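Residue numbers (the numbering used here): 364 to 638.
What follows is a set of notes on a single structure, which appears directly below.
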Amino acid sequence: MNSRKLPRKKNLSAMKMLGAQLATARRAAGFTQRALAERLMVDEETIASIEQGRRPLKRDLAELLDELLDTKGLLSAGVDNLPEIDQFPLYAEQYMAHEREAISLSWYDALVVPGLLQTRNYARALLGGRVPAYDADELETKIEARVGRQEILHRRVPPTLSFVVWEPALRMPTGGHETHLDQLRNLREQSELPGLSLQILPLDRTSHAGDAGPFILLETPDHQHLAYAESQRGSQWVSDPDEVSILARKYAMLRTQALTIEDSRSLLDSLLGEL
């Protein structure tokens, strides 16, 4: 099924975590969902929805559960300390979870350097220029999260990585001269990493298979093929095989339209020479 962008609900991933804690405590105490619901005189669906993170756990019910399951105030504390809004939307957290485990990633970007290849200062310039602006704490959290994801590039057995980047993303002086120069140097170094291919789609191409916007293809350890498409106001998962196939064909065409790996490195060297 083609996953549409999920609505931005309060605490969505935090609610899911609290629900998982409830499910663990319930099983440890020897209750089924039905038996627990009967003891609390609520619907079984209420317990199921809370455990799945679809319904918030209320404070009064959390107190009853703490007493019944002997969780010593854990669930009540969880309710009291739920953040007002998740730091990252659920679809972004789902993507990052899949990215950490992927055995292959194919990434097309048009206007910015792909997140896995960004320097810290470049990421700061991009995220710091967001409208409306992030507050200081949120900005630092997002920068650290973006840079932290890059550990997959240096694993003992990294995923197979392919990047196609449209040339304007490399010419835009994001963050100023020094940040731009450092980002291009970093890209040139990363282009030599084993298992990583970086291709530049040049400006002089007369056709462009990625003109509808950036997207990412990934393969999970159990060989499921998924896609992730980005947009101005959110992103969406694509899991329907027919839709994933369309994006895979787009990516295959982009690779033929882009420069070879060797010519892409030469273009990076040329851009660095201009700076």
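Beta carbons: idealized from backbone N, C-alpha and C, even for Gly.
Since this is a predicted model, take the numbers as computed values, not measurements.
Rounded distance between the beta-carbons of Arg551 and Leu489, thought under 8 Å: Working through the sequence shown from its first residue, we reach residue 489 at position 126. Working through the sequence shown from its first residue, we reach residue 551 at position 188. No, Leu489 and Arg551 are not in contact; Cβ-Cβ is about 19 Å, not under 8 Å.
Go through its chain and collect everything with a Cβ distance to Thr619's Cβ below 7 Å, but skip five positions before and after it. For the purposes of this step, residue 619 is identified with residue 256 of the sequence shown, where counting begins at 1. So the list is empty, once near-sequence residues are dropped.
Going along the chain, which residues of its own chain have a beta-carbon closer than 6 Å to the beta-carbon of Asn365, five neighbours each way excluded? Here residue 365 refers to the residue found at position 2 of the sequence shown. Legend: pLDDT at Asn365 = 41, less than 50; position of this residue unreliable, value from coordinates given subsequently. So the list reads Val601, Asp603, Glu606, once near-sequence residues are dropped.
For the segment 492-503 and the segment 432-443, state whether three or more C-beta atom pairs, one from each stretch, are separated by less than 8 Å. no
Identify every residue that forms a DSSP beta bridge with Thr523. The sequence position of residue 523 within the sequence shown is 160, counting from 1. Answer is Ser467, bridged to Thr523.
Using a Cβ-Cβ cutoff of less than 8 Å, which residues in the same chain neighbour His588 once the five nearest sequence positions on both sides are dropped? In the sequence shown, the residue the question calls residue 588 occupies position 225. Correct list, in chain order: Leu580, Leu581, Glu582, Pro604, Val607, Ala611.
Taking C-alpha atoms, which residue in Leu403, Ile413, Ala377, Arg402 lies nearest to Leu385? In the sequence shown, the residue the question calls residue 385 occupies position 22. Checked all of Leu403, Ile413, Ala377, Arg402; the closest Cα to Leu385 is Ile413.
The alpha helix (DSSP H) that contains Ser627, what's its start and end? The residue you call residue 627 lines up with position 264 of the sequence shown. 624-637 is the extent of the alpha helix (DSSP H) around Ser627.
Specify the secondary structure class of Gln546 as computed by DSSP and reduced to three states. Counting from 1 along the sequence shown, the entry for residue 546 is found at position 183. Correct three-state label for Gln546: helix.
So the alpha helix (DSSP H) Ser570 belongs to, where does it begin and stop? In the sequence shown, residue 570 corresponds to position 207, counting from 1. Unbroken run through Ser570: none, as it is neither H nor E.
Let me confirm a value: Leu440 is counted as buried when at least 16 other C-beta atoms fall within 10 Å, else exposed. Which label applies? In the sequence shown, residue 440 corresponds to position 77, counting from 1. The question names Leu, yet the displayed sequence has Ala at residue 440. Exposed.
Does the count of Cβ pairs from the segment 494-507 and the segment 531-551 closer than 8 Å reach three? no
Which whole-angstrom value is the C-beta distance of Ile563 and Leu622, which I expect to be below 8 Å? Within the sequence shown, numbered from 1, the residue matching residue 563 stands at position 200. Within the sequence shown, numbered from 1, the residue matching residue 622 stands at position 259. About 5 Å; that satisfies the 8 Å criterion.
Host beta strand (DSSP E) of Tyr614 (start-end): Position 251 of the sequence shown holds residue 614. Looking at the DSSP string, Tyr614 is not in any beta strand (DSSP E); the run it does join, the alpha helix (DSSP H), is 604-620.
Within 10 angstroms of its Cβ, does Lys421 collect 16 or more other Cβ (buried), or is it exposed? Here residue 421 refers to the residue found at position 58 when the sequence shown is read from its first residue. It is exposed - the Cβ of Lys421 has fewer than 16 other Cβ atoms within 10 Å.
Evaluate contact between the segment 514-533 and the segment 564-578, counting only Cβ atoms and requiring at least three cross-stretch pairs below 8 Å. yes
With a cut-off of 8 Å on the beta carbons, I'd call Pro521 and Gly558 a contact; round off their distance for me. In the sequence shown, counting from the first residue as 1, residue 521 sits at position 158. In the sequence shown, counting from the first residue as 1, residue 558 sits at position 195. Confirmed, about 5 Å.
Is the distance from the Cβ of Gln396 to the Cβ of Thr482 below 8 Å? Walking along the sequence shown from the start, residue 396 turns up at place 33. Walking along the sequence shown from the start, residue 482 turns up at place 119. No. Outside cutoff.
Cβ-Cβ separation, Ala377 to Leu445 (assumed contact under 8 Å), whole Å: For the purposes of this step, residue 445 is identified with residue 82 of the sequence shown, where counting begins at 1. For the purposes of this step, residue 377 is identified with residue 14 of the sequence shown, where counting begins at 1. With 8 Å as the limit, Leu445 and Ala377 qualify as a contact, their Cβ atoms being about 5 Å apart.
Going by DSSP, what residue range makes up the alpha helix (DSSP H) through Glu514? Numbered from 1 along the sequence shown, position 151 holds the residue referred to as residue 514. From DSSP, Glu514 is part of no alpha helix (DSSP H); its letter is neither H nor E.
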